[in-house]
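A.B. asks: Numbering (our numbering), first residue to last: 730 to 810.
Using N, Cα and C, we set each Cβ at its ideal position, and we do this for glycine too.
Predicted model, so just to flag it, every value in this text is computed and none were measured.
Set out below in structure tokens:
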């Protein structure tokens, strides 16, 4: 949560590292992958964001917000999946 808070305060580099560390120890928590996907998408790292969203959906397929974010990411990039 500290990473998300820092990101929301306009410090995008720090939370990615924090989330990366947390993901290594919490790889089975869908919300971590979803939130990291949001940060990566905002940072222009669409391929990595898509991977994070997909991992969240692999863990919990009914995450509507994640499905929406992944869909808009693909739509915005011009590559429907």
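Please list, in chain order, all residues of the same chain as residue 792 whose beta carbon is under 7 Å from its beta carbon, the five residues on each side excluded.
C.D. replies: Taken in chain order, the residues that qualify are 759, 763, 785 and 786.
A.B. asks: Quick one, are the C-beta atoms of residue 802 and residue 770 less than 8 Å apart?
C.D. replies: A contact, by the Cβ cut-off of 8 Å.
A.B. asks: Helix, strand or coil for residue 756? Go by DSSP, reduced to three states.
C.D. replies: DSSP places residue 756 in coil when its eight states are reduced to three.
A.B. asks: How is residue 774 classed by DSSP in three states: helix, strand or coil?
C.D. replies: In this structure, residue 774 counts as coil in the three-state DSSP scheme.
A.B. asks: Span of the alpha helix (DSSP H) holding residue 805?
C.D. replies: Element bounds for residue 805: 793 to 806.
A.B. asks: Give me the Cα-Cα distance between residue 788 and residue 757, rounded to the nearest whole angstrom.
C.D. replies: Roughly 7 Å separates the two Cα atoms.
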